[in-house]
Amino acid sequence: MASNSFGTLFRMTSFGESHGVGLGAVIDGCPSMVPFDQDLLQKQMSRRRPGQSKVTTARDEKDQVEILSGVFEGQTLGTPIAMVVYNKDQRSKDYSEVKNQPRPGHADDVWKEKFGHSDYRGGGRSSGRETLARVMAGTVAEMFMKHSFPGVKVSCFSRQIGDVQLTDAELAAAGEKIFDVDWLDQSASRFPNQAKSKQIDEILVKAKTEGHSYGGVAEIQIQGVPKGIGQPVFHKLKSDLACAFLSVGATASFELGSGQESTQSEGSQFHAGSQDVYGGIRGGISTGETIRCQVGFKPTATVLHTAKSGRHDPCIVPRAVVVLEAMAKLVIADHLLWSRLDRA
273 MASNSFGTLF RMTSFGESHG VGLGAVIDGC PSMVPFDQDL LQKQMSRRRP
323 GQSKVTTARD EKDQVEILSG VFEGQTLGTP IAMVVYNKDQ RSKDYSEVKN
373 QPRPGHADDV WKEKFGHSDY RGGGRSSGRE TLARVMAGTV AEMFMKHSFP
423 GVKVSCFSRQ IGDVQLTDAE LAAAGEKIFD VDWLDQSASR FPNQAKSKQI
473 DEILVKAKTE GHSYGGVAEI QIQGVPKGIG QPVFHKLKSD LACAFLSVGA
523 TASFELGSGQ ESTQSEGSQF HAGSQDVYGG IRGGISTGET IRCQVGFKPT
573 ATVLHTAKSG RHDPCIVPRA VVVLEAMAKL VIADHLLWSR LDRA
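273 is the number of the first residue of the sequence shown in my numbering; add one for each residue after it.
Quick look at the structure:
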């Protein structure tokens, strides 16, 4: 199985299966002497972990990270950083029927066709649990940027769940608070509007009880990226962000700036208006303005009687925002390192 690594200079490799011994990440290319914040790492892992609220799966994993290499006396060594989390609350017997009967909407049958042999327990490596490795790596990228590029800030939040949407006016009212994860995390659905957050929580709790699920949209905003980051041809900043986000399970769409709306605009109006329509990237290169993307998610595939066990998310978006945030940090950290090679 190839393609378990992501990035060019700041590079991470993910390993492990949902019901295996554990999962983890190896990071190559992180510079030395970056202060390693174990508390930040564990905080970000807790934001992603299952069993954290009434609107997520009941699988209860603490996701305590063990550092195997690459860190000494509180700093990175510049050598590969290996991290692992051991699985504690897997129930493989729940998936005995899947061995011979693939689940609708899941990847069970295509994995079996591709490899001839696959781990059917909880989806194996196609499970959303694989994303904990991305959060590990993304948090190390965050540590690097805090040390070397302290102006960079990344936010990700729920923009739509089911048919409940955050309006532009409501987003503007939230202001800079969207970059405060403690403020965002006050909402179980990570929806930056108190009234609609309560509405969504009620919808998702009911869906979890009845075995239904919803899709949604997450928005990513990145501030403080210097002008001129990104490669102009095959590693455009927008293409690497799209690749990063769409590699996350259950994603269905990616939009930058005004996205699909721009396809209906006249050029004279589109290019003469606000710079926001470009989403902070032109020609594949950062403009220095806020980078703004949206990622759409399909409804969770596990539904009806199977979902009533409570060990599946009624909507992926509330936990996926932490994963998208991590992937954005990996892309930006990689391109920031790359930018050091662009000029003598």
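The C-beta atom is built at its ideal place from N, Cα and C for all residues, glycine as well.
Assuming residue i contacts residue j (C-beta within less than 8 Å), just tell me the rounded distance between them.
i, j, result
"M415", "F308", "6 Å"
"M599", "V549", "That pair is no contact at about 23 Å."
"Q347", "M305", "5 Å"
"G488", "Q532", "Actually they are not in contact, since the Cβ atoms of G488 and Q532 sit about 17 Å apart, beyond 8 Å."
Hey, would you say residue i sits closer than 8 Å to residue j, going by beta carbons?
i, j, result
"V477", "I604", "no"
"S430", "Q493", "no"
"R283", "G301", "yes"
"L617", "G342", "Since the first residue shown for the chain is 273 and the last is 616, residue 617 is missing from the structure and cannot be characterised."
"S558", "L509", "yes"
"V567", "F517", "yes"
"R591", "R320", "yes"
"M317", "L340", "no"
"R564", "G551", "yes"
"V298", "T280", "no"
"R588", "F569", "A quick correction: the sequence has Ile, not Arg, at residue 588. Yes."
"I475", "G434", "yes"
What would DSSP say about residue i, mapped onto helix, strand or coil?
i, result
"I501", "coil"
"D606", "helix"
"R431", "strand"
"F282", "coil"
"A573", "coil"
"N276", "coil"
"P586", "coil"
"A579", "Here the model assigns A579 a pLDDT of 46, short of 50, so the residue's position is not dependable, and the following value carries that caveat. A579: helix per DSSP, three-state reduction."
"M355", "strand"
"T439", "coil"
"T348", "strand"
"V298", "strand"
"E338", "strand"
"K480", "helix"
"G447", "helix"
"G292", "coil"
"Q458", "coil"
"V343", "strand"
"G377", "coil"
"G568", "strand"
"K425", "strand"
"A600", "helix"
"F287", "strand"
Start and end of the alpha helix (DSSP H) containing residue i?
i, result
"R406", "403–420"
"R612", "Unbroken run through R612: none, as it is neither H nor E."
"F517", "509–518"
"V382", "380–387"
"Q314", "310–320"
Where do the ends of the beta strand (DSSP E) carrying residue i lie?
i, result
"A490", "488–495"
"L528", "523–528"
Any heavy atom of the ligand PLP closer than 7 Å to the Cβ of residue i?
i, result
"Q566", "The ligand PLP is not among the ligands present in this structure, which contains no ligands whatsoever."
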